[in-house]
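Enquirer: What follows is a single structure, and I will ask about it in a moment.
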Amino acid sequence: MTRAASPRLDHAAIERVRARRGRSILLFLTDRCPVGCAHCSVDSRGNSPTIADFDLFGRILDWIAREDAFDVVAISGGEPFVERRGLTLACDRLAAAGKRIVLFTSGVWARQARTPAWTRRVLEQSTTVYLSTDAFHMSHVTGDDFVRAARQVATSGAWLVVQGLDDATTRRRIEELLARAFGPEWPARAEVNLNAPLANGRGAALFFPPAHTPGADFGPCALVRNPMVRYDGTVVGCCNEDVLMGRGPARLRRRAETAQGFAEAARAFHDDPLLRVIGDSGFGALTRHPRLNDLGDACFANNCDLCWKALDRMEGRGPPDRLMSAMAALGQETPQ
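Note that numbering that gives the first Met the number 0 numbers the sequence shown so that position 30 is 29, with each residue one more than the last.
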């Protein structure tokens, strides 16, 4: 099949979309993954849960498809390609609705010498594919697997973003593999995006980021501007996978079973004054609130640690916090 024409989305373009409130959503398709990386941020395993209620999953897709504001839909897990029924259903429905689909995968499907037709169809419906590889992935997905996956993504017409842990060895290895796949002209087909390790899931036993950044020095967190929804109807206000798995502040997590319920959950996150300050003005402004000002000098490993502390501190029953609402109104992002 021929994928509908769509402007190429490289990593920078996707980040610009994610920075705009309510313009993207991440669909967490499955917990299951056969790769078993020791640094997995969601502790995905070969026997982890996956879609059980396809009626509910269909209602989730209906909601996403009908939300005109959602321009980009990212699909992750787990490994999306192990959930064939859910992935094909999602891509068919979302592509038909005109959504730009961004896929995250380990490329484990490329272990086969010939890519199945349904996999090729999914890739052809995607605008961008993030293909993960680093020292942890390479013990399960070989260099030959990676090269096959990269070539198939390029053949599909999607832009390829190869991501891994941020170290010189990983970058060198990725560039060598891309040169094997495409020759010296590989930058016309793909880009490399390296990330700091996440101390979440199984990664919590491997990585210990130092708490050395004062709270007042953290800027806005654009990740609270767009929600994530899991296949079981869990909606969360950011992309922190620990929150999706039931950890962290309950304020960031809701459950729904209908399109209206999903929309109301997402709207509640968008309208939350505390989350608006975090997403628009930033943590520096947040720590000027009297109940939070001691967090400005305290040091944190990352903005998620600070966010959780602030949310826990502000949790409570009673009338809305007028000062926080005023701060949210003053810091509201400029329409784009």
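Backbone N, C-alpha and C fix where the C-beta goes; we use that ideal spot for every residue, glycine too. Treat the numbers as computed from the prediction; the structure is a model and nothing was measured.
In the DSSP assignment, find the unbroken beta strand (DSSP E) run with Gln162 in it and report its ends.
Expert: For this step, residue 162 is matched to residue 163 along the sequence shown. Run containing Gln162: 158–164, per the beta strand (DSSP E) assignment.
Enquirer: Over what stretch of residues does the beta strand (DSSP E) that includes Met227 continue unbroken?
Expert: Reading the sequence shown from its first residue, position 228 is the one you call residue 227. Element bounds for Met227: 227–229.
Enquirer: Hey, Val16 and Arg7: beta-carbon distance below 8 Å or not?
Expert: Walking along the sequence shown from the start, residue 16 turns up at place 17. Walking along the sequence shown from the start, residue 7 turns up at place 8. Not a contact, by the Cβ cut-off of 8 Å.
Enquirer: Looking only at its own chain, which residues have a Cβ that is under 8 Å from the Cβ of Gly77, when we skip the five neighbours before and after it?
Expert: Within the sequence shown, numbered from 1, the residue matching residue 77 stands at position 78. Answer for Gly77: Phe27, Leu28, Thr29, Asp30, Arg31, Cys32, Val41, Ser43, Ser47, Thr49, listed in chain order.
Enquirer: Does the beta-carbon distance from Val276 to Ala267 come in below 8 Å?
Expert: For the purposes of this step, residue 276 is taken as residue 277 along the sequence shown, with counting starting at 1. For the purposes of this step, residue 267 is taken as residue 268 along the sequence shown, with counting starting at 1. No, they are not a contact pair.
Enquirer: Would you call the stretch 180–197 in contact with the stretch 209–223, where contact means no fewer than 3 C-beta pairs closer than 8 Å?
Expert: The stretch 180–197, when compared against the stretch 209–223, does not touch it at the 8 Å Cβ threshold.
Enquirer: Residues in the same chain with beta-carbon distance under 6 Å from Leu177, minus the five sequence neighbours each way, listed in chain order, please.
Expert: Within the sequence shown, numbered from 1, the residue matching residue 177 stands at position 178. Only Trp185, Ala189 meet the Cβ criterion.
Enquirer: Which one of Ile13, Ile59, Arg92 has the shortest CA to CA distance from Asp231?
Expert: Taking the first residue of the sequence shown as position 1, residue 231 is located at position 232. If we check each option's Cα against that of Asp231, Ile59 comes out closest.
Enquirer: Taking the alpha-carbon of Leu294 as reference, which of Thr286, Ala94, Trp307 has the nearest alpha-carbon?
Expert: Residue numbering aside, residue 294 sits at position 295 when the sequence shown is read from its first letter. Among Thr286, Ala94, Trp307, the Cα nearest to that of Leu294 belongs to Thr286.
Enquirer: In the structure shown, what three-state DSSP assignment does Glu184 receive?
Expert: Here residue 184 refers to the residue found at position 185 when the sequence shown is read from its first residue. Helix.
Enquirer: Between the beta-carbon of Arg65 and the beta-carbon of Ala258, is there less than 8 Å?
Expert: Locating residue 65 in the sequence shown gives position 66, where the first residue counts as 1. Locating residue 258 in the sequence shown gives position 259, where the first residue counts as 1. In this structure, Ala258 lies closer than 8 Å to Arg65 by Cβ.
Enquirer: Kindly indicate which residue of Asp320, Cys306, Asn192 has the alpha-carbon position closest to the one of Ala11.
Expert: If you number the sequence shown from 1, residue 11 lands on position 12. The shortest C-alpha separation from Ala11 is found at Asn192.
Enquirer: Which residue marks the beginning of the alpha helix (DSSP H) containing Val140, and which one marks its end?
Expert: Residue 140 sits at position 141 when you count from the first residue of the sequence shown. Segment: none, Val140 is in no alpha helix (DSSP H) and carries neither H nor E.
Enquirer: In the structure shown, what three-state DSSP assignment does Ser324 receive?
Expert: For the purposes of this step, residue 324 is taken as the residue at position 325 of the sequence shown. In this structure, Ser324 counts as helix in the three-state DSSP scheme.
Enquirer: Taking DSSP as the reference, what is the three-state secondary structure of Thr333?
Expert: Position 334 of the sequence shown holds residue 333. At Thr333, the pLDDT of 43 sits below 50, so the modelled position is not reliable; the number obtained from the coordinates is stated separately. Coil at Thr333, not helix or strand.
Enquirer: Please classify Ala94: does DSSP put it in a helix, a strand, or coil?
Expert: Mapped onto the sequence shown, residue 94 falls at position 95. Ala94 falls in the helix class under three-state DSSP.
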